[in-house]
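K.L.:
Residue numbers (our numbering): -15 to 267. For each residue, glycine too, the CB sits at the ideal point set by N, CA and C. Since the model is a prediction, treat every value here as computed from it, not as a measurement. The structure's right below; bear with me while I get my questions together.
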């Protein structure tokens, strides 16, 4: 089929266009230049380090390790190889749990957005999962699966599912109904409706949900490793806490922050840019 649904939309008569075209989006708010953003971000990091250093000076070192002591502990963990081993274990659990929970949330979210009966069916499920505290989910997972990978992966999948589900449903419901109606009028095949209307419409909300789910997943995997694993960053964090190894404990906190930054800037942000360019290319 030569013309797409959006080409049909653009070909409407002027009168129809005035009545049926969506309003022109407002202009973007003026923002900072790339250099200014980097400068302000650096100032924010410097402020965090300054507050951290002040706390380390006025508080007992048993409770707050200084940035310098934390850096030394982090370098020692990297030199000994423990950093890379624990990081790899945690990343494996996080990726598997996030893949299961996010894919299920996306698939069921699309289905629920398209079908009100499915949406009504899953609404109590979503509400129950979001209401149960993460530690309770951990206890149930330990009861069902024991200690180890399966418990942690299950925890991550269950905890991130509602976020992905809600964002995907919102994305489907936010698609302009006039585009859908026009597709039905011109009898566009399902494949074309999927690629020209539904997928572009749901891409941004779904990726926003994936970003939130990744942040929630990092916290969930650490909690799972603290409670139900004998390896990973969470277990190392718990061990450092038990032995009052404050420098190592703070070093693992820095690793977690770095892990979330790696996921955001190396994976999610490029994915969002590609999805946005793909959507704009189809418009």
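Within 10 angstroms of the Cβ of residue 249, are there 16 or more other Cβ atoms? Answer buried if so, exposed if not.
P.N.:
So residue 249 counts as exposed.
K.L.:
Taking the Cβ atom as the reference point for each residue, do residue 83 and residue 208 lie within a distance shorter than 9 Å?
P.N.:
Not in contact: residue 83 and residue 208 (Cβ atoms no closer than 9 Å).
K.L.:
Could you work out which residue in 165, 95, 49 is closest to residue 225 when comparing CA atoms only?
P.N.:
Here the closest residue by C-alpha is 49.
K.L.:
So residue 46 and residue 228 are supposed to be a Cβ contact under 8 Å. How far apart are they, rounded?
P.N.:
That pair is a contact at about 6 Å.
K.L.:
Excluding the 5 residues preceding and the 5 following residue 7 in the sequence, name in chain order all residues of the same chain whose CB lies nearer than 6 Å to its CB.
P.N.:
At residue 7, the pLDDT of 48 sits below 50, so the modelled position is not reliable; the number obtained from the coordinates is stated separately. Excluding residues within five positions, none has a Cβ falling inside 6 Å.
K.L.:
Please report the straight-line C-alpha distance between residue 193 and residue 85, rounded to a whole angstrom.
P.N.:
Between residue 193 and residue 85, the C-alpha separation is close to 12 Å.
K.L.:
Using C-beta distances below 7 Å, list every residue in its chain close to residue 118, excluding the 5 sequence neighbours before and after it, in chain order.
P.N.:
Excluding residues within five positions, the ones whose Cβ falls inside 7 Å are 143, 204, 207.
K.L.:
Return the chain-ordered list of same chain residues with a C-beta closer than 7 Å to the C-beta of residue 247, the five sequence neighbours on each side being excluded.
P.N.:
Excluding positions up to five away in sequence, the list reads 198.
K.L.:
Per DSSP, what kind of secondary structure is residue 268 in: helix, strand or coil?
P.N.:
The chain is shown only over -15 to 267; residue 268 falls outside these bounds and no answer can be derived.
K.L.:
Within a Cβ cutoff of 6 Å, which residues of the same chain sit near residue 153, ignoring the five residues on either side of it in sequence?
P.N.:
Excluding sequence neighbours, residue 153 sits near 93, 96, 97.
K.L.:
Sort 36, 63, 62 by Cα distance to residue 51 and report the nearest one.
P.N.:
That would be 36, whose Cα lies nearest to the Cα of residue 51.
K.L.:
CA-CA distance, residue 237 and residue 57?
P.N.:
When rounded, the distance between both Cα atoms is 12 Å.
K.L.:
Where does residue 170 fall in DSSP's three states?
P.N.:
In this structure, residue 170 counts as coil in the three-state DSSP scheme.
K.L.:
I'd like the span of the alpha helix (DSSP H) that includes residue 133, first residue to last.
P.N.:
Element bounds for residue 133: 133 to 157.
K.L.:
State buried or exposed for residue 139, treating a residue as buried only when at least 16 other CB atoms are found within 10 Å of its CB.
P.N.:
Burial call: buried.
K.L.:
Alpha carbon to alpha carbon, how far is residue 200 from residue 159? Give it in angstroms, no decimals.
P.N.:
Straight-line Cα distance between these residues: approximately 27 Å.
K.L.:
Starting from residue 130, trace the alpha helix (DSSP H) both ways and give me its first and last residue.
P.N.:
Premise fails: residue 130 is in no alpha helix (DSSP H) and is neither H nor E.
K.L.:
Is there a Cβ of chain C sitting closer than 9 Å to that of residue 121, yes or no?
P.N.:
The displayed structure is made up of one protein chain only, and chain C is not part of it.
K.L.:
Does DSSP put residue 252 in a helix, in a strand, or in coil?
P.N.:
Three-state result, residue 252: helix.
K.L.:
Measure the alpha-carbon distance for residue 120 versus residue 202 and round it to whole angstroms.
P.N.:
Cα to Cα, the separation comes out at about 17 Å.
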